[in-house]
Amino acid sequence: MPYELCDMSQRAAPEAPSRPRGGGRRRHGDREVVVATVVVATSGSTSQRLPAASFGLSGATAHRRMSEWSMARVWVKLHRLALDDLGARGVGTAPAMAAPAALPSPGAPAAPL
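Numbering (full-length UniProt numbering) for the sequence shown: 1 to 113.
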């Protein structure tokens, strides 16, 4: 997986909550969460089946962070950052990539010509 995607995720992710009293386990890094998310998305598996030894975080932690990021719209921000990066490199993007929300939903009636 490109390191650029992991670096972009650090810009898109919300700040980690502070622990006023300290203690507890250290929070896993955003890079670990992005790698776990890509593996889950591309393998068809679930976050609960992630081997903790391979990814450094448990399936429950990955699922919790994926949910937090979904609520904070990190995936939308990450998508925009990736498109901006491609544009800066001179790589054209298809309209479907640039505006996925503008596409009709499956099963929707076709637009008149």
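Heads up, the beta-carbon is just placed ideally off N, CA and C, and yes, glycines get one too.
Residue i - DSSP class collapsed to helix/strand/coil
| i | result |
| --- | --- |
| A96 | Residue placement at A96 cannot be trusted, given a pLDDT of 48 that sits under 50; the coordinates are not used to answer. |
| R73 | coil |
| S45 | coil |
| L81 | helix |
| E32 | helix |
| E4 | helix |
Residue i burial status per 10 Å Cβ neighbour count (16 or more: buried)
| i | result |
| --- | --- |
| D30 | buried |
| M71 | exposed |
| R65 | buried |
| V76 | exposed |
Nearest to residue i (by Cα), restricted to the options the options
| i | options | result |
| --- | --- | --- |
| A58 | R27, L83, R73 | A small correction: the amino acid at residue 58 is Ser; Ala does not occupy that position in the sequence shown. Answer by Cα proximity: R27. |
| E68 | L81, S43, T37 | T37 |
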